[in-house]
Amino acid sequence: MMKKKSISSSKASLVLFLCQMISALDVPLDLSQPPTITQQSPKDYIVDPRENIVIQCEAKGKPPPSFSWTRNGTHFDIDKDAQVTMKPNSGTLVINIMNGGKAEAYEGVYQCTARNERGAAISNNIVIRPSRSPLWTKEKLEPNQVREGDSLVLHCRPPVGLPPPIIFWMDNAFQRLPQSERVSQGLNGDLYFSNVQPEDTREDYICYARFNHTQTIQQKQPISVKVFSMDSLNDTIAANLSDTDIYGAKPVTERQPILLTPTGSTSTKVELRGNVLLLECIAAGLPTPVIRWIKEGGELPANRTFFENFKKTLKIIDVSEADSGNYKCIARNILGSAHHVISVTVKAAPYWITAPRNLVLSPGEDGTLICRANGNPKPNISWLANGVPIAIAPEDPSRKVDGDTIIFSHVQERSSAVYQCNASNEYGYLLANAFVNILAEPPRILTPANKLYQVIADSPALLDCAYFGSPKPEIEWFKGVKGSILRGNEYIFHDNGTLEIPVAQKDSAGTYTCVARNELGKIQNEVQLEVKDPTMIIKQPEYKVIQRYGQVSFECIIKHDSTLLPTVTWLKDNDELPDDERFLIGKDNLTIMNVTDKDDGTYTCIVNTTLDSVSASAVLTVVAAPPTPAIIYARPNPPFDLELTGQLERSVELSWIPGDENNSPITNFVIEYEDGLHEPGVWHYQTEVPGTQTTIQLKLSPYVNYSFRVIAVNEIGRSQPSEPSEQYLTKSANPDENPSNVQGIGSEPDNLVITWESLKGFQSNGPGLQYKVSWRQKDVDDEWTSVIVANVSKYIVSGTPTFVPYEIKVQALNDLGYAPEPSEVIGHSGEDLPMVAPGNVQVHVINSTLAKVHWDPVPLKTVRGHLQGYKVYYWKVQSLSRRSKRHVEKKILTFRGNKTFGMLPGLEPYSSYKLNVRVVNGKGEGPASPDKVFKTPEGVPSSPSFLKITNPTLNSLTLEWGLPTHPNGVLTSYILKFQPINNTHELGPLVEIRIPANESSLILKNLNYSTRYKFYFNAQTSVGSGSQITEEAVTIMDEAGILRPAVGAGKGYSETLFATSPVMHTVRPTFYKVQPLYPRIRNVTTAAAETYANISWEYEGPDHVNFYVEYGVAGSKEDWKKEIVNGSRSFFVLKGLTPGTAYKVRVGAEGLSGFRSSEDVFETGPAMASRQVDIATQGWFIGLMCAVALLILILLIVCFIRRNKGGKYPVKEKEDAHADPEIQPMKEDDGTFGEYSDAEDHKPLKKGSRTPSDRTVKKEDSDDSLVDYGEGVNGQFNEDGSFIGQYSGKKEKEPAEGNESSEAPSPVNAMNSFV
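Residue numbering for the sequence shown follows numbering that gives the first Met the number 0, beginning at 0 and increasing consecutively.
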């Protein structure tokens, strides 16, 4: 087993930068700014009464703020209390308790205010309470005397402390009391016994309460429990009663479950959003009940649900409003069940949707502060200015309050202030400070100059440019000292100034310059980027099997960037290697000497650098040396002498005698049963017991005719089953259980189809199995409607309203009565098409090929079914460059669930599109929204459609070209670059010409004679240059010579073209050595279906290149998935795609670093029902089968004739004498067919072939062949497989002539030729 993984540290950097993007705006501390609270004590602050009280309040600002406090709403004068001091340059209070103060005297609500000339910020209300750990009250505890099998609750009732204590039970020896499914501690601290046993008798059940805040533990008085067993109770009664009295206690009886907590059938619980929800059910019963939890009408939330205390406690973390509902706990044992429904309501203290953020404006600018919060109930929003309610604060003409928003217009410097937003409801409050700071500052860059960034190739690079200025500066990035501004899809520009290069390559390294400018100035900063080679394990450890006490070695050879220092670490089973001198770590390997059994496991080699990490693993298996002498091990013999005793209504005792274990100890016995009444002849698994046990008490079901058998198991395998025991028929009874998987789903808008899984035969518990089906509309005060149906699994209710919830239950019954009351499930009547279309459809164009669409969700009542999602239909109306409309099929994107936005990939630049949105339920699609029109901006053009070079002369060439197939905008010009190439493939200097966009040809003059030139040609729009097309051409030797053929699309052109711009004659340049081939991959095309796509491309470059295809979901930032192409093919089929999804794809070549095609985007078709074609009904298949049958018939006739000729020719004798293997039907040694060699196969002949190596037929091999009968090389088959050779009875062979083969086409060869 081997695995490999790679972790790049650049991903951690990405997370860090994204966190910086969303952080609040920080004003440098050397600039004037209002106060900001940076640290404060928690809202509910419980302090230790034995230590000094420290109430924190720290703030920053310019000038530094001053601090003041209020206590219980009034000013707190700390100068008048000698026990209270404030830290220097801080607002933190220290209350001296250790020198005589009392913590209780300082209980209260405190609030801190930090103030300077630009405003005032306030802290939360900090509630100070000292912790309390009171003693247990004195109480007289009576001993608990309990009968064996009864339930018991030992109450703890700890004292009320602050915060509440942690409860646990121990004995006098300070050992925790063991807990199990039978004995466990409840959430309230009480100890619950589902049923007591004699071993529960003891006198030291002690409840302890630990108060963590004060580090104290309080102890309750010990509780005594005495359990009376039935045997001792009978002895006591017998000693005190006469012989004539009726005495004797009843034996321990099994009891069905009852709930100890909570009591009753229902209860309620309210929990706050984000908290942990704890629900508890503890039951009494014998045998001990098992607890199961369900949520009525829904599923328990995945990944947030946990079961504790032996499944008696249901724990759901991070609850939300969606977790409200009814939770049912079911306690069950073999005698029945009990349940309790807890109705949970999730409320919510206020939580932020949009918290107000600091606002920095320059004089005259506009801005807004937004404060949005949610909760249950909806919180109330109020504003304060500098700690004063805004209604009574000094007026500011630039300020306007609009609910949860403050709007600022044409601000001035006096508008600086700190605003507080308070969101509160009955469950809590939120308080946030946000300042408005009016500054006029030129830009400054906060990132250190010449900062060095290092990344691994093919991973993201993020270059920081933290800045500040007012007004907010604009950021631009350049590469190099005099480079042009960075633009295009290969870069991402973040709002915080960060430049992201999604896939950094080696040529991405260099100096990058960040420029920040606003109306007050400009500043720039340079940073450096280094791109390192990735670390790789080129020789991985391999799976090893080693005998005990041997030696084994794992290799781990690495390749890494020369500037990075790798460290290699070895792990065993994901932990450190044992501290053992037998483990020797070398430079490239790990060696283990004298291997033992404990060395078995998985060994992992981890290579770390400062930038990345890779690992590879292999498994070591240690085996024992073969035993000498070998001991024969075998499966055990079957058990025998099965006997049934102690037959009761629901149990029986089975015993048996084990068979011989055959040198391998029996590990366990498997007991199986047969139900001769319902499923005769079918054996079912009942249970299994350890190999040392030969009797078992089996639990039985009513109305079953049981037979039992036993199977012994050892390490070798399972024995044959024993002979069946005698049969035992149990009595009938009411059903114990109800049908499972009850569902209610409508098939039509006016019906409800109720289905369930029927009970199996032995579950019926008696004859006459039927079902009582009941239903009623949920949340409507209706009576249950019920009907009794036969033993079926479906019932249809007609005439229901469309898509309304129903409560449903299905109860089993037989001739003896009903099963227990069933649980209710929630179903829905049939769906209908949605009624309304989504509204407020908005489109945001991101770039020339990608747009984002938003819409408002439709009201759930109008969906009339289960909301499955939204479908976006979009189509191209026309190209803005060509102004020609054409019909284009509509594209469809489906967004699951209640999403209200989606991305539209694969758009064509500079085009007009329309779209609409529809809601989808289980029935189908609703009406479409009004068509929304949007336009994509210009992009770079594709390469010109062709470039042809004609009319070569001594010093001129004529160039013709075609418009780009996809202009993607308005063409502004063409760029032509060319350079000479000499015979050793060295390149001269590059000449560049700009050509007007309305030209389509050009005559280049003043060229060198008899010189090869290479041309690079591309078109431009206002966005930039498109892909280039290249060609090569040669000027002729002299005017009298023959003109060379045109170089281009494969056609010659001889017409004379006029020169649009003359080219000056260039001197012969200095040449530089280049490669003769210029590899590239172009024209990547896709043909997509529902779940696969055919990718094809064109390749120019060296031979024997291995290609690969990379793909991913369009618009996603996930890593590219890579598929290796087999061989040097120029096509590949991507399989396993998701229907209706847009994908991006590109093609690359192995070994050519950074050599890939441009990206292409395609979309798979929508999911459709598969159409299976029966091949047996196809005409071509029937014809093919007929031809094969006719060919086989002819071959059989030929073979029959050859057999019959044995009496007329001396073939039979020679065949018997030589025993030629090829004419024998089977090989004698292995029973396989002899091998043949096709006459057209030029490989060496295999053993058993008729034709020797010189491809002539030897006379002594076999005289009985089709060649003997005049067939020779003329024996052949028609296209339909029929034989057309002549059967002439010729007996003498003729030598082969020319290159024709003289091999006789045997029937097998003929078949090979046909196939």
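No residue lacks a Cβ here, since even glycine has one placed at the ideal position from N, Cα and C.
- Query: Between the Cα of residue 729 and the Cα atoms of 542, 645 and 666, which residue gives the shortest distance?
  - Reply: Here residue 729 is taken as the residue at index 730 of the sequence shown, counted from 1. When only C-alpha atoms are compared, the closest one is 645.
- Inter-residue CB distance, residue 914 and residue 852 (contact presumed, cutoff 8 Å): Looking up residue 914 in the sequence shown gives position 915. Looking up residue 852 in the sequence shown gives position 853. The Cβ separation is near 6 Å, so the contact holds.
- Item | Close beta carbons around residue 1087, own chain, < 6 Å, minus the five adjacent residues each side | As a working mapping, residue 1087 is identified with position 1088 in the sequence shown. Hits under 6 Å: 1161 and 1163.
- Query: With residue 279 and residue 186 assumed to form a contact (beta carbons below 8 Å), what rounded beta-carbon distance in angstroms separates them?
  - Reply: The residue labelled residue 279 in the question sits at position 280 within the sequence shown. The residue labelled residue 186 in the question sits at position 187 within the sequence shown. The Cβ separation is near 5 Å, so the contact holds.
- Pick from 103, 321, 314 and 531: whose alpha carbon is nearest that of residue 297? Counting from one through the sequence shown, the residue named residue 297 turns up at place 298. For residue 297, the nearest C-alpha among the options comes from 321.
- Task: Rank 374, 960, 74 and 111 by C-alpha distance to the C-alpha of residue 89 and give the top, closest one.
- Result: For this step, residue 89 is matched to residue 90 along the sequence shown. Selected option, being the one with the closest Cα: 111.
- Minimum C-alpha distance to residue 983 - residue among 1011, 174 and 254: To locate residue 983, count along the sequence shown from 1; it is residue 984. Of the listed residues, the one whose Cα sits closest to residue 983 is 1011.
- Where the alpha helix (DSSP H) through residue 860 begins and ends: Here residue 860 is taken as the residue at index 861 of the sequence shown, counted from 1. Residue 860 -> alpha helix (DSSP H) spans 859–862.
- Using CA coordinates, which residue listed in 417, 767, 964 and 877 is at the minimum distance from residue 120? What you label residue 120 is simply residue 121 of the sequence shown in a count that begins at 1. Comparing C-alpha distances from residue 120 to each of 417, 767, 964 and 877 shows the shortest one belongs to 417.
- Selection from 282, 850, 995 and 83 that minimises the alpha carbon distance to residue 182: If you number the sequence shown from 1, residue 182 lands on position 183. Minimum Cα distance to residue 182 is reached at 282.
- Looking only at DSSP bridge pairs, what is residue 440 linked to? On the sequence shown, residue 440 is found 441 positions in, with the first residue counted as 1. Assignment of beta-bridge partners to residue 440 by DSSP yields 469.
- Alpha carbon of residue 1137 to alpha carbon of residue 1117, nearest angstrom: Position 1138 of the sequence shown, counted from the start, is the residue given in the question as residue 1137. Position 1118 of the sequence shown, counted from the start, is the residue given in the question as residue 1117. Looking at the two C-alpha atoms, the distance is approximately 16 Å.
- Alpha carbon to alpha carbon, how far is residue 255 from residue 735? Give it in angstroms, no decimals. Translated into positions along the sequence shown, residue 735 becomes position 736. Translated into positions along the sequence shown, residue 255 becomes position 256. Approximately 12 Å, taken between the alpha carbons.
- Query: For residue 639, is the classification buried or exposed, using 16 other Cβ atoms within 10 angstroms of its Cβ as the cut-off for buried?
  - Reply: For the purposes of this step, residue 639 is taken as the residue at position 640 of the sequence shown. An exposed status is given to residue 639, since fewer than 16 other beta-carbon atoms sit within 10 Å of its beta-carbon.
- Query: Going by beta carbon distance, what residues of the same chain come within less than 7 Å of residue 213, once the five residues before and after it are set aside?
  - Reply: As a working note, residue 213 is residue 214 in the sequence shown. Within the same chain, residue 213 has close Cβ partners 47, 130 and 132.
- Message: Taking the alpha carbon of residue 349 as the reference point, which residue from 356, 336 and 421 has its own alpha carbon closest?
- Response: Taking the first residue of the sequence shown as 1, we reach residue 349 at position 350. Here the closest residue by C-alpha is 421.
- Task: Go through its chain and collect everything with a Cβ distance to residue 1084's Cβ below 6 Å, but skip five positions before and after it.
- Result: Against the sequence shown, residue 1084 aligns to sequence position 1085. In its chain, beyond the 5 residues on either side, 1095 have a beta carbon closer than 6 Å to the beta carbon of residue 1084.
- Please name the residue, chosen from 578, 649, 636 and 663, that lies closest to residue 655 on a Cα-to-Cα basis. Here residue 655 refers to the residue found at position 656 when the sequence shown is read from its first residue. Checking every option, the nearest Cα to that of residue 655 belongs to 636.
- Message: Classify residue 863: buried if its beta carbon has 16 or more other beta carbons within 10 angstroms, exposed otherwise.
- Response: Here residue 863 corresponds to residue number 864 of the sequence shown, with the count starting at 1. Around the beta carbon of residue 863, 16 or more other beta carbons lie within 10 angstroms, which makes this residue buried.
- Task: Within its chain, find whatever has a CB closer than 6 Å to the CB of residue 1279; leave out the 5 residues flanking it on each side and keep chain order.
- Result: Along the sequence shown, read from residue 1 onward, the residue named residue 1279 stands at position 1280. A caution first: residue 1279 carries a pLDDT of 38, below 50, which makes its placement in the model too unreliable to give a value.
- Task: Spell out a yes or no on whether the region 998–1010 and the region 909–924 are touching, meaning 3 or more CB-CB pairs, one atom from each, closer than 8 Å.
- Result: Segments in contact, no.
- Query: For the region 786–806 against the region 760–774, are there 3 or more C-beta pairs whose distance is under 8 Å?
  - Reply: The answer is yes - the region 760–774 touches the region 786–806, with three or more Cβ pairs under 8 Å.
- residue 494 by DSSP, collapsed to three states: which one? For the purposes of this step, residue 494 is taken as the residue at position 495 of the sequence shown. Three-state result, residue 494: coil.
- Query: From 1004, 767 and 690, pick the residue whose C-alpha is nearest to that of residue 813; which is it?
  - Reply: Looking up residue 813 in the sequence shown gives position 814. Shortest Cα-Cα distance from residue 813 to any of 1004, 767 and 690 involves 767.
- Query: Would you say residue 1323 and residue 598 are within 8 Å of each other, going by their C-beta atoms?
  - Reply: Outside the modelled stretch of the chain, which goes from 0 to 1314, sits residue 1323, for which no answer is possible.
- Item | Unbroken beta strand (DSSP E) run spanning residue 995, endpoints | By 1-based counting over the sequence shown, the position of residue 995 is 996. Start and end: 990–995.
- Item | Rounded straight-line distance, which links the Cα of residue 808 to that of residue 822 | For the purposes of this step, residue 822 is identified with residue 823 of the sequence shown, where counting begins at 1. For the purposes of this step, residue 808 is identified with residue 809 of the sequence shown, where counting begins at 1. Spanning the two alpha carbons is a distance of roughly 6 Å.
- Can you give the beta carbon distance from residue 631 to residue 662, rounded, assuming they're within the 8 Å contact cut? Start at 1 with the first residue of the sequence shown, and residue 631 comes out as number 632. Start at 1 with the first residue of the sequence shown, and residue 662 comes out as number 663. Right, their Cβ atoms sit about 7 Å apart.
- Counterpart residues of residue 209 in DSSP-defined beta bridges: Indexing the sequence shown from 1 puts residue 209 at position 210. Per DSSP, the beta-bridge partners of residue 209 are 165 and 216.
- Identify which residue in 580, 927, 749 and 570 has its Cα closest to the Cα of residue 614. Taking the sequence shown and counting its residues from 1, one reaches residue 614 at position 615. Closest option to residue 614, judged by alpha-carbon separation, among 580, 927, 749 and 570: 570.
- Message: Since residue 453 and residue 529 should fall inside the 8 Å C-beta cutoff, what is the C-beta to C-beta distance between them, to a whole number of angstroms?
- Response: Locating residue 453 in the sequence shown gives position 454, counting from the first residue. Locating residue 529 in the sequence shown gives position 530, counting from the first residue. About 5 Å separates the two Cβ atoms, so the contact holds.
- Ordered list of beta strand (DSSP E) runs contained in the region 307–385, each at least 3 residues: List check, beta strand (DSSP E) in window: 312–315, 324–332, 335–353, 358–360, 366–369, 371–375 and 379–384.
- Task: From the DSSP output, in three-state form, read off residue 654 for me.
- Result: For the purposes of this step, residue 654 is taken as the residue at position 655 of the sequence shown. Strand at residue 654.
- Item | Backbone secondary structure at residue 632 - three-state DSSP | In the sequence shown, the residue the question calls residue 632 occupies position 633. The answer is coil: DSSP assigns residue 632 none of H, G, I, E or B.
- Task: State the start and end residues of the unbroken beta strand (DSSP E) segment that holds residue 68.
- Result: Sequence index remark: in the sequence shown, residue 68 carries index 69 (1-based). Residue 68 -> beta strand (DSSP E) spans 65–70.
- Query: Touch check for the region 816–832 and the region 797–806: three-plus C-beta pairs under 8 Å?
  - Reply: As far as the Cβ criterion goes, the region 816–832 touches the region 797–806, which means the pair count is three or higher.
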